[in-house]
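Numbering (the numbering used here), first residue to last: 1 to 286. A virtual CB, placed ideally from N, CA and C, is assigned to each residue, including glycine.
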């Protein structure tokens, strides 16, 4: 176990660096409302209020996420030990022969709804320093506006529509194709465009966020069921396919190209030339 030390011991040890950590610990509860507890060797210590444990049949000590004993234990301190080891809580065995490196994208790696973690003061200080660069970074991505104007002149290519009252920050450069004109699927267009040297991708995420298992099947942290069955909200929350039909349709047509603040006019012209070449090939083939 790791513990906090008081300022008097800091001075005695000559400590000159302090850790700015989150209020919420590794097990999902706050370090507050301390209570007494003893290690295997009898050493008395103070632990947080939700530090709820129980021994297993072998004398090891089990820890529960958020102190919720209705959930599966998340860590174990071996009998006679001093540290908790994380437990594997994988519900289904991994089929190593069928692993897809893109599979994590299916549910974005989200396992369950958990607490809203607050950033530490140190993280906030770093973020404040970095955010000052945002305006300059976004302004240099305006080469995307140039690409939008040029791609709009290619028959069969649909660049993003940017309303006059807004500005596109171009995290990625998105566009779609007119299948009636080019007679090719977005996946097929991407394969040929990538072969021409433009690192294009089909889609963005594999499905909408509300279709991720964590939301669709309402997988919460422990057995809290919050916020899906929260009495303060007043009604039950459900997500299902078809909730956002336009978004679902668009995701099946979207093509993206990487873009960043270091792209030059030459880069834009190279992309334009390759997109134009592939589009012309399919127009003529049709």
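Endpoints, beta strand (DSSP E) assigned at residue 277: Looking at the DSSP string, residue 277 is not in any beta strand (DSSP E); the run it does join, the alpha helix (DSSP H), is 265 to 285.
Extent of the continuous beta strand (DSSP E) run through residue 36: 35 to 38
Where residue 78 falls: helix, strand or coil (DSSP): coil
Cβ-based neighbour list, residue 170, same chain, cut-off 6 Å, excluding 5 preceding and 5 following: 141, 144, 259
Residue 173 - partner residues in DSSP beta bridges: 257
First and last residue of the uninterrupted alpha helix (DSSP H) at residue 190: 186 to 195
Rounded C-alpha distance that separates residue 244 from residue 152: 27 Å
For residue 158, the residue or residues it bridges with in DSSP: 176
C-alpha gap between residue 191 and residue 241, whole angstroms: 28 Å
Three-state class that DSSP yields for residue 86 in the structure shown: strand
Supposed close pair residue 113, residue 275 - CB separation, criterion 8 Å: That pair is no contact at about 40 Å.
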